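Below is one structure; the comments refer to it alone.
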Amino acid sequence: MPDWATMLRRLTQTLRLMVGVPDYEVYVAHRKTQHPGEPIMSYEEFFRERQNSRYGDGDGRINRCC
Amino acid sequence: MRILVGRMGWLGVSLLGATALGVIALGHGERINAMWLVTAAICTYLVAYRLYARFIARRVLGIDPSRPTPAIRHNDGLDYVPTNKWVLFGHHFAAIAGAGPLVGPVLAAQMGYLPGTLWLLVGVVVAGAVQDMTVLFISTRRDGRSLGDIVRSEMGPAAGAVALVGILFIMIILLAVLALVVIKALAASPWGTFTVFATIPTAVAMAVYGRVIRPGRIGEMSVIGLGLLVASLIFGRTVAETPALAALFTFRGETLALMLMGYGFIASVLPIWLLLAPRDYLSTFLKVGTILALAIGIMAVMPDMKMPAVTRFIDGSGPVFTGKLFPFLFITIACGAVSGFHALISSGTTPRMIETEAQIPLIGYGAMLMESFVAVMAMIAAGIIEPGVYFAMNSPPALIGTGVEQAAQAISGWGFAVTPETLTAIAHDVGETSILSRAGGAPTLAVGMAHIFSSVLGGRAMMAFWYHFAILFESLFILTTIDAGTRVARFMIQDLVGNVWPSFRARGTWTGNLAGSALAVAGWGYFLYSGVVDPLGGINTLWPLFGIANQMLASMALILCTVVLFKMKRERYAWITVVPAAWLLVCTATAGLQKIFHSSPAIGFLAHARTYEVAIEAGTVLAPTHSLEQMRQVVFNDYVDAAMAVVFVLVVAAILGYGIGVIRKALAAAHPTAVEADMVTEPRGA
């Protein structure tokens, strides 16, 4: 019996990562366990930060192909 | 017992693959079903992945699953995140698959489907997937650093600088040729032009929703965007059928080129969330969805290949591109067999998210096999069209004229029977006034896809809709690439100029931003415009240059891989990258030198320039130009194109020279000298 819930979650994660947005819950969990007491970005802040990093900040990295 | 069953299974896959390849290669004279191509491809991929990718991973690279990857060592929840392997596979595939694997095979189909398909299969197994996987491995061992960075640290600063200049030039040619593909599809097509223009307000509407109303809801934004796209596709027919509206959206190629340059400049300066990001969401999801739909469509329809296995144009006299099978087939099909650009992606975001080195074969080798399959599907889509129609769509007006009568006569004369009525009927079916001379891949692919999709859903009545859907889908992701690529080129220019004049480098300043963008657009815009006015259709000139550039980058990446293998003291296995590197060097150098020096004006830039110079001296105007002034322009363009080819050949020669030097030092050293990152876990702040 395939685990539909996990598959659906993976699919959503894949589609979001395709446009440069990793999992927000993983980010929050990471901040809580590795940097306790330090600020955590809200989802909106996180989304903007990721958007800027994919297209805007421009370290000349190429993230798409011909 | 299980091992035995497993072995029998693999034996079965190998036999099936061999049978399918046999049918394709030996079934001359009869039409074969496209499923034989699909079967041959899938079996080849499975066997290669099982045997060769595993061999490279275990024996050659010495992959160490216990070694912490950058994602583990620098985990920050943002750039460096250990990611499920299938999720990362999807991410990596979406990043490498673009217009390239769709356009190249369509152009190469003029030689028949067999040569191109064989190169796609052999090329990906021996060259493309090896390059992607090895670069991914090298970058993963070096904190996910970029190709240029790694060339600098492993081969020295001079080699690094040469590599950066090479990458900038290939960017510029890439953007020009992709823009030309869009223009070939949109010129004199009000339906197509309207739907593509409509993506701008669509993107802005998505941006407002995703920034102000419901921040960061990607799914909701994309559904809204998709709805608007479909609405514009449907309304596009009304636009095309209403003369007053159609006139507003009917442009010549020259006008479209200037508009595209203006657009590229503005888009590169605007905030990214307004246009670039929402369109990237749409184009990414549409791309992946359409590729899946195409695969399902081919499996469901199981069409016959109508193009012959091999045509007489392997002798170099083809109308789509000139030049013999060797070397020109191998630079026409880059993406799908081996694409140097992937070396940039494999050293981009993917190595920062890989959980363990054990997943490198799946993501590096596996995703490239998928891209090769996309290219095989493009070859199928081009091959199921009547050959006469294929040549009508892809031959320049200089060869087939501008009317259906003349075109049908010329093409039938080449041995591909077609009537003027057929050409008119197809144009009518897809909702266009003419399908002649629409080289560049997108329209041919659109006709092929429209054939497939309309036999699954909607029949002939829906063909026009599917055709314009396919045009929209390709234009959308090409425009996104132009937008993002202009930005990247701008940053590269800012950094290069910044070496001399540091204030130019700053990202926030308007001077650097505007001047950098203007330079980037001027670079690709020049080649685009000269392609649009080129009497031979432009694709003829620019696609080989792009192919040479892309394969040059692949040679560079494979030379780097070879250098690293020698520095790791694994020279015993270095043939896995030496063989493809040598083949690509031979192809690139031969093609580059032929494009410069070949005595036929149809192939060599200098010979072409000479023809026009002689005519200018004699005071005669050569068709299809209309004045001596235009002829001088043609001569000038030829010299620029020749200079580009010289640059590519020199870049690759320089990297080869540096590579050999470093390899000799590595051989002399007693210990491994590769510069890998240490294995200590050190989480980065922020």
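So the sequence lines, in the order shown, correspond to chains A and B.
The letter at position 38 of the first sequence is residue 38 when you use the numbering used here, and the numbering goes up by one with no holes.
The letter at position 434 of the second sequence is residue 1434 when you use the numbering used here, and the numbering goes up by one with no holes.
Ideal Cβ placement from N, Cα and C applies to all residues, glycine included.
Quantities reported herein were computed from a predicted structural model and do not represent experimental measurements.
CB contact check: residue i to chain A, cutoff 9 angstroms
i, result
"Ile1072(B)", "no"
"Ser1517(B)", "no"
"Asp1079(B)", "yes"
"Thr1349(B)", "yes"
"Val1488(B)", "yes"
"Met1462(B)", "no"
"Gly1216(B)", "yes"
"Ile1096(B)", "yes"
"Tyr1281(B)", "yes"
"Trp1273(B)", "yes"
"Trp1466(B)", "no"
"Met1353(B)", "yes"
"Arg1457(B)", "Going by the sequence as given, residue 1457(B) is Leu instead of Arg. So, not an interface residue."
"Leu974(B)", "Coverage of chain B is limited to positions 1001 through 1686, which leaves residue 974(B) absent and any answer about it impossible."
"Ala1557(B)", "no"
"Asp1076(B)", "yes"
"Gly1128(B)", "no"
"Asn1084(B)", "yes"
"Ala1484(B)", "yes"
"Ala1626(B)", "Strictly speaking, residue 1626(B) in this sequence is His, with Ala absent from that position. Taking Cβ atoms only, chain A never reaches closer than 9 angstroms to His1626(B), which makes this a no."
"Ile1345(B)", "yes"
"Ser1153(B)", "no"
"Val1135(B)", "no"
"Phe1341(B)", "yes"
"Phe1373(B)", "no"
"Ala1277(B)", "yes"
Residue from the options whose Cα sits closest to the Cα of residue i
i, options, result
"Leu1656(B)", "Ala1582(B), Leu1667(B), Gly1017(B), Val1047(B)", "Ala1582(B)"
"Arg1217(B)", "Leu15(A), Gln34(A), His35(A), Gly37(A)", "Leu15(A)"
"Val1374(B)", "Ile1426(B), Leu1118(B), Asp1280(B), Ile1291(B)", "Ile1291(B)"
"Gly1264(B)", "Val1301(B), Ile1478(B), Leu1226(B)", "Ile1478(B)"
"Pro1397(B)", "Val1521(B), Leu1496(B), Pro1319(B)", "Pro1319(B)"
"Gly1090(B)", "Val1288(B), Leu1514(B), Tyr1639(B)", "Val1288(B)"
"Trp1466(B)", "Thr1444(B), Ile1482(B), Tyr1365(B)", "Thr1444(B)"
"Gly1516(B)", "Leu1168(B), Thr1039(B), Leu1015(B)", "Leu1168(B)"
"Arg1632(B)", "Val1647(B), Val1614(B), Val1649(B), Ala1642(B)", "Val1614(B)"
"Thr1199(B)", "Ile1224(B), Ala1176(B), Val1181(B), Ala1589(B)", "Ile1224(B)"
"Ala1041(B)", "Ile1032(B), Leu1016(B), Leu1121(B)", "Leu1121(B)"
"Gly1440(B)", "Phe1546(B), Ser1347(B), Leu1228(B)", "Phe1546(B)"
"Ile1380(B)", "Met1307(B), Leu1229(B), Ser1437(B), Val1338(B)", "Met1307(B)"
"Thr1673(B)", "Leu1606(B), Gln1630(B), Ala1623(B), Phe1566(B)", "Phe1566(B)"
"Leu1051(B)", "Gly1383(B), Gly1366(B), Thr1350(B)", "Gly1366(B)"
"Val1662(B)", "Ala1358(B), Val1563(B), Val1060(B), Val1649(B)", "Val1563(B)"
"Ala1095(B)", "Gly1364(B), Leu1399(B), Ala1470(B)", "Gly1364(B)"
Closer than 9 angstroms to chain B by CB, residue i
i, result
"Leu15(A)", "yes"
"Arg48(A)", "yes"
"Ala29(A)", "yes"
"Gly37(A)", "no"
"Asp3(A)", "no"
"Gly20(A)", "yes"
Residues of its chain near residue i, where Cβ-Cβ distance is below 6 angstroms and the 5 sequence neighbours each way are ignored
i, result
"Tyr43(A)", "Tyr24"
"Leu1260(B)", "Ala1179"
"Phe1416(B)", "Pro1387, Gly1388, Phe1391"
"Met1190(B)", "Before going on, a small fix: residue 1190(B) reads as Pro here, not Met. Result list for Pro1190(B): Val1239, Ala1240, Ala1246, Phe1249, Thr1250, in chain order."
"Tyr1045(B)", "Leu1369"
"Gln1110(B)", "Phe1313, Gly1318, Val1320"
Own chain, CB closer than 7 angstroms to residue i, minus 5 neighbours either side, in chain order
i, result
"Pro1420(B)", "Val1404, Glu1405, Ala1408"
"Glu68(A)", "This structure cannot settle anything about residue 68(A), because the visible part of chain A is limited to 1 through 66."
"Ser1530(B)", "Asn1637"
Proximal residues to residue i (C-beta, below 8 angstroms), its chain only, five neighbours per side dropped
i, result
"Leu1628(B)", "Ile1616, Gly1619, Val1621"
"Ala1205(B)", "Ile1224, Gly1225, Leu1228"
task = Any chance you could list the beta strand (DSSP E) runs of at least 3 consecutive residues sitting entirely within the segment 1145-1196 of chain B, in chain order?
result = none
ask   = In the segment 1044-1090 of chain B, which residue ranges form an unbroken alpha helix (DSSP H) of at least 4 residues, counting only runs that do not cross its ends?
value = The segment 1044-1090 of chain B contains these whole alpha helix (DSSP H) runs: 1070-1073.
ask   = Are at least three pairs of beta-carbons, each pair with one atom in the segment 1159-1171 of chain B and one in the segment 1360-1374 of chain B, less than 8 angstroms apart?
value = no
inquiry  = When you compare the segment 1341-1354 of chain B with the segment 1127-1142 of chain B, are there three or more beta-carbon pairs, one atom per stretch, that lie closer than 8 angstroms?
reply    = yes
inquiry  = As an exercise, report each continuous alpha helix (DSSP H) stretch of at least 4 residues that is fully enclosed by the segment 1557-1644 of chain B, in chain order.
reply    = 1575-1597, 1605-1618
message = Using a Cβ distance threshold of 8 angstroms, determine whether the segment 1490-1502 of chain B contacts the segment 1214-1229 of chain B, with at least three qualifying pairs required.
response = no
query = What are the start and end residues of each continuous alpha helix (DSSP H) run of 4 or more residues lying completely inside the segment 1203-1272 of chain B, in chain order?
reply = For the segment 1203-1272 of chain B, whole alpha helix (DSSP H) runs of length 4 or above, ordered along the chain, are 1218-1241, 1243-1248, 1253-1269.
task = Decide if the segment 27-41 of chain A is in contact with the segment 1233-1251 of chain B; the criterion is three or more beta carbon pairs, one per stretch, under 8 angstroms apart.
result = no
inquiry  = Does the contact criterion of 3 or more C-beta pairs under 8 angstroms hold for the segment 1452-1461 of chain B versus the segment 1480-1487 of chain B?
reply    = Because the criterion of three Cβ pairs below 8 angstroms is not met, the segment 1452-1461 of chain B and the segment 1480-1487 of chain B do not touch.
ask   = Is the segment 1533-1549 of chain B touching the segment 1641-1655 of chain B, taking contact as three or more C-beta pairs under 8 angstroms?
value = yes
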